[in-house]
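J.:
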Amino acid sequence: MANYFTSFFAKKVRRSEDDKWRTTRFDTMAKVLTRIEPELLKKSLYRRRLSKACMNHDLKKAQKIIAAHLAGVKAKKI
């Protein structure tokens, strides 16, 4: 679930034009993430920061973290 959140779900929150990803689905994912063991979130700083923002229901902070991460990935590809 943690991999799904940081790889697929995060991209949809940032890039999708459908607001469901930022409203109902984001709230549902926040509830799910509270049940995940903390050891699974310690693999990367990105995963920890993004999960913490989501668990606190802070959409704006989560979007900033996702945007910075995707910009870094794009810069690395260039």
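So for the sequence shown, my numbering puts the first residue at 1480; every next one is plus one. By construction, the Cβ of each residue, glycine as well, lies at the ideal position given by its N, Cα and C atoms.
1) Kindly indicate which three-state DSSP category S1530 falls into: helix, strand or coil?
2) Can you name the start and end residues of the alpha helix (DSSP H) that L1549 belongs to?
3) Can you tell me the Cα-Cα spacing of T1507 and P1517, whole angstroms?
4) Leaving out the 5 sequence neighbours to the left and right, which residues in its chain are closer than 7 Å to F1488 when beta-carbon positions are compared?
5) Can you find the residues in the same chain that come closer than 8 Å, C-beta to C-beta, to M1534, ignoring five residues on each side of it along the sequence?
6) Taking just the CA atoms, how far does K1540 sit from A1532?
7) When you compare only the Cα positions, how much space is there between K1521 and R1493?
T.: To lay it out plainly:
1) helix
2) 1538–1556
3) 18 Å
4) M1508
5) A1509, L1512, T1513
6) 6 Å
7) 23 Å
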